[in-house]
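In terms of UniProt numbering, the sequence shown is numbered consecutively and its last residue is 538. Where is the CB? At the ideal position from N, CA and C, for every residue including glycine. Bear in mind that the values here come from a model prediction, so they are computed numbers and not experimental data. Report on the structure given below.
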Amino acid sequence: MKTTPTYAIDDAQWSILIQNAAYYFDDLTLKRGFQYYKQGRVLQFSMINPPEMEAVVEGREEYAVEINLESFSLNRCDCPVHGPCKHMAAVLLNFADWQNRSVPALVNAKAAPAVLMETSTLRNNHSPQSKLQEAALHIPSMKVREWHEWFERCIAPLSQQVRNPQFVEAALALILKIKPPLSPVKEQLFRLHAQLFLLEMLIKPARNQSHSFGHFIGYYTHLAVSELQQAIEHSFDSTLPLDEEPEQWHRVTDTLAYLRQEMLTETRDPFHFSTYYYLLWSHWIIPNMQDTSLYSEELDQLQQLEEKLGSSLSRYSWLLAQSWIHFQLSEDQEALTLLKSAAERPDFHPEALMRFLAPLSEAGEWSRLMTWLVQISNLLSHRRFYKLDEYSLYWEKAVQELPEAQPLMWTSLVAMLPASRDIYDEKLLAYGKWQEWMDYQLSAGREPANFRVTKLQPLEKNAPEILLPFYHQAVERYVLEKNRGSYKAAVKLLKRLQKLYKKMKQEERWESFLSAFTVRHSRLRALQEELRKGKLIP
1 MKTTPTYAID DAQWSILIQN AAYYFDDLTL KRGFQYYKQG RVLQFSMINP
51 PEMEAVVEGR EEYAVEINLE SFSLNRCDCP VHGPCKHMAA VLLNFADWQN
101 RSVPALVNAK AAPAVLMETS TLRNNHSPQS KLQEAALHIP SMKVREWHEW
151 FERCIAPLSQ QVRNPQFVEA ALALILKIKP PLSPVKEQLF RLHAQLFLLE
201 MLIKPARNQS HSFGHFIGYY THLAVSELQQ AIEHSFDSTL PLDEEPEQWH
251 RVTDTLAYLR QEMLTETRDP FHFSTYYYLL WSHWIIPNMQ DTSLYSEELD
301 QLQQLEEKLG SSLSRYSWLL AQSWIHFQLS EDQEALTLLK SAAERPDFHP
351 EALMRFLAPL SEAGEWSRLM TWLVQISNLL SHRRFYKLDE YSLYWEKAVQ
401 ELPEAQPLMW TSLVAMLPAS RDIYDEKLLA YGKWQEWMDY QLSAGREPAN
451 FRVTKLQPLE KNAPEILLPF YHQAVERYVL EKNRGSYKAA VKLLKRLQKL
501 YKKMKQEERW ESFLSAFTVR HSRLRALQEE LRKGKLIP
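As C-alpha cells, then:
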C-alpha cells in the first residue's frame, strides 16, 4: 500500500537518479524490473535512513535489496546476479512511485536524451542563455583565465550531475556548442583548456555544494578521469602551427603558466598536470622555439614560485621541473644534481627519468645518452617494483650505436641488482654470456624448476655443458627430500640430462653416471619405481 513519503527528493536529485539508472542498468533489466514492480512483487519497502532504502522483492525466492541513492556501487541484492539486477530496478521504480515521480521516465532512462537539460532546474534557471552566448562572442579575445571562468558559467546546469564519463561528454558538448569559430591554433588551445578545466573539476573536491547528493567519487569518476586524461594526451599528438599564428604565443605561455601552477600544487597521485606540463613543452613549445630564452624565463618563474607557494609547493615537482629545463639547456651537471635531490623525495616516480632519455635517443645523442643511463642507474637501483624495460631498451639502442659502451651497461646492470634482475637475466642470454648467466642463477639460489623449458633451450643448444652441474645438483637435492613427488621431479631432470649427454655425444658417460646413481640409491624403492616408469632402467 502506497504511503505519503517522509523523504522527498527535488528535481535535481530526480534527474541524477535517472542518470544513475541509465548508467548502471541496461535497458532489459529496467524493463524486467518494471514487470516486477507492476506485479506488486516489491514487499516491505522502507526508507528508515534516507537516502538508503530497503525492500524484499519476490522472485524465485524472496530477495533482500538495499539501495543507496548517493552511491550506487553500494547497492546490494541477495539474488545470484552480481551487479545491478531486476530486483534493484523494481525497488527504484517503487521508490519513484512513492515519490510521485514518473515511473515511465525511470523505466526509459536509457532512452532519455539529455536528461538533465529537461529538468525543471534548467527550465527555472533565470540566467538567460542569451547572456552566455553573448559572452561567448568574446572568447577569441579572452585570456586563458577568462576562458576558465566562462567554462564554469557554461556548465553550471550540470553542477548536480554525477561525475562520470557522461558528465564529461555533456560538459564538452555544451562548451563546444556555444563557442564561436576560432583560428586553428586558438581552437586547439581552447579545446585543451576545456578538457583541463573538466579534469580539475573531477580530481579536486567539489566546492560550495548546497548538498552532497550526486557528488560521486569512486570507480566511475576514476573512469572519467582516465578517459579524459587519454583525450588530453592525444591533443598533443597534433602539431601546433604557431609559425602561422605567432600572435598566439601569449596564450601558449599562459597555458604554460597554468600548468606550472597546477603541477607545483598537485598533491594527488598520479600527477596529471605534471604530465601535461612536459607534453606542452616537448610537443608544442620546443618545436616552435627560435632560441633558448624561454628556458631561462622558465627557471626564473620556478624560482619565484618557491617563495610564493610556500608550504603548498610540491617540492618534488619543483625540483624535477628545474632539472628538466637544465637538461634541455645541456647543463647536465646541474640537471643531475637537481634530479638526485628529487629522487630522494618520498613521492619520486622512477618513470619520470625516462623524460630525460627519450629526447637523447630521438636526437641520436648516443654518447650523452650513455652518460645519462649510467648516472640514473643509481636512482633506479632501489626501486624494486619498477619495471626497467624502457631503461633496458635505451641501453640496447646506445650499445647498438656505441659498441664500446657495452662494458658500462654490464657494470650498471650489476650495480642495480636485485632491481635489474629481470633485464640482466635477459641480456645475459641475448648476448650469449652463458657462463655468466649460470653463475648468476646459482648465486641467486635458483634451480631448473624455476625455469620453463623454453628459457633453457638457448643454453641446451649453445652451451649444454654448462647445464650439466645445474641439473646434477638439482637431481641430488630432489633425492634427499625422499618423497614420491621429489623422486618424480628427479626423474624428469634425469631424462633432460640424458638428452644433453646424447647431444654432446657422451652416451658412455651418461650410462656410467646412471649406473652409479642407481646403485647408490638402490634402497630407495620409490625412486627405483619412478626410474622404471621413466624407462631409465629396466
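{"Asked": "For A194, which residues from the same chain have a beta carbon less than 7 angstroms from its beta carbon, with the 5 sequence-adjacent residues on both sides left out?", "Found": "F151, L172, I175"}
{"Asked": "Quick one: what does DSSP say F45 is sitting in, helix, strand or coil?", "Found": "strand"}
{"Asked": "Please report the residue range of the beta strand (DSSP E) in which S68 lies.", "Found": "Looking at the sequence itself, residue 68 is Asn, so the reference to Ser does not match. Taken as a continuous stretch (DSSP letters only), the beta strand (DSSP E) holding N68 covers 62-68."}
{"Asked": "Hey, quick one: how far does the alpha helix (DSSP H) through E351 stretch, first residue to last?", "Found": "Element bounds for E351: n/a, residue is neither H nor E."}
{"Asked": "So if DSSP puts E52 in a beta bridge, which residue, or which two residues, is it bridged to?", "Found": "N49, N68"}
{"Asked": "Taking only runs of the alpha helix (DSSP H) that begin and end inside the segment 142-228, which ones reach a length of at least 4 residues, in chain order?", "Found": "144-154, 165-178, 184-203"}
{"Asked": "So what does DSSP say about R76, is it helix, strand or coil?", "Found": "strand"}
{"Asked": "Buried or exposed: where does S210 fall if 16 or more other Cβ atoms within 10 Å of its Cβ makes it buried?", "Found": "Confidence is the limiting factor: at S210 the pLDDT is only 37, short of 50, which leaves the residue's position unreliable, though a coordinate-based value still follows. Exposed."}
{"Asked": "Just how far apart, CA to CA, sit S323 and Q161?", "Found": "41 angstroms"}
{"Asked": "Classify S522 as buried or exposed, calling it buried when 16 or more other Cβ atoms lie within 10 Å of its own Cβ.", "Found": "exposed"}
{"Asked": "Quick one: Cα of R190 to Cα of P104, how far?", "Found": "A small fix is needed here, since residue 190 is Phe in this sequence, not Arg. Each residue's alpha carbon lies about 40 angstroms from the other."}
{"Asked": "With distances taken from CA atoms, which of E245, H222, Q333 is nearest N164?", "Found": "H222"}
{"Asked": "So if DSSP puts E58 in a beta bridge, which residue, or which two residues, is it bridged to?", "Found": "E62"}
{"Asked": "So E447 and A474 are in contact, right, with Cβ under 8 angstroms, and what is the actual spacing, rounded?", "Found": "5 angstroms"}
{"Asked": "Report yes if the CB atom of L413 is closer than 7 angstroms to the CB atom of P458, and no otherwise.", "Found": "no"}
{"Asked": "According to DSSP, is R452 helix, strand or coil?", "Found": "coil"}
{"Asked": "Leaving out five residues before and five after F470 in sequence, what residues of the same chain have Cβ atoms less than 8 angstroms from its Cβ?", "Found": "M438, Q441, L442, E447, P448"}
{"Asked": "Just to confirm, is the Cβ distance from W366 to A398 under 7 angstroms?", "Found": "yes"}
{"Asked": "Taking a contact to mean a Cβ-Cβ separation below 7 angstroms, would you say P50 touches Y7 in this structure?", "Found": "yes"}
{"Asked": "With three or more beta-carbon pairs closer than 8 angstroms as the criterion, would you say the segment 299-306 touches the segment 272-281?", "Found": "no"}
{"Asked": "With a threshold of 7 angstroms on Cβ separation, who are the neighbours of S85 within its own chain once the five nearest residues in sequence on each side are excluded?", "Found": "Per the sequence shown, residue 85 should be read as Cys rather than Ser. Around C85: T29, C77, C79."}
{"Asked": "With a Cβ-Cβ cutoff of 7 angstroms, do S377 and I423 count as a contact?", "Found": "no"}
{"Asked": "Shortest alpha-carbon distance to S141 belongs to which of I178, L182, K131?", "Found": "L182"}
{"Asked": "Measure the C-alpha to C-alpha separation of F327 and Q303 and round it to an integer number of angstroms.", "Found": "16 angstroms"}
{"Asked": "In chain order, what residues of the same chain have a beta carbon less than 7 angstroms from the beta carbon of V81, not counting five sequence neighbours either side?", "Found": "none"}
{"Asked": "Taking L305 and L313 to be in contact with their CB atoms under 8 angstroms, please state how far apart those CB atoms are, rounded to whole angstroms.", "Found": "7 angstroms"}
{"Asked": "Within 10 Å of its beta-carbon, does G33 have 16 or more other beta-carbons around it, so buried, or fewer, so exposed?", "Found": "buried"}
{"Asked": "Hey, how far is the Cα of E307 from the Cα of Q261?", "Found": "13 angstroms"}
{"Asked": "Does the pairing of the segment 341-349 with the segment 359-373 give three or more beta-carbon distances under 8 angstroms?", "Found": "no"}
{"Asked": "Output the distance between the C-alpha atoms of E149 and H272, rounded to the nearest integer angstrom.", "Found": "21 angstroms"}
{"Asked": "Quick one: grab the DSSP three-state call for K483.", "Found": "As written in the sequence, residue 483 is Asn, which differs from the Lys given in the question. Of the three classes helix, strand and coil, the one that applies to N483 here is coil, per DSSP."}
{"Asked": "Give me, in chain order, the residues of the same chain whose beta-carbon lies closer than 7 angstroms to that of L132; leave out the 5 immediate sequence neighbours on both sides.", "Found": "R153, C154, I178"}
{"Asked": "Which stretch, first to last residue, makes up the alpha helix (DSSP H) that contains V519?", "Found": "507-520"}
{"Asked": "Quick one, which of K186, L192, A257 has its alpha-carbon nearest E247's?", "Found": "K186"}
{"Asked": "Of the residues R60, I18, S46, which one's Cα is nearest the Cα of E66?", "Found": "S46"}
{"Asked": "Can you have a look at A526 and say buried or exposed, based on whether 16 or more other CB atoms are within 10 angstroms of its CB?", "Found": "exposed"}
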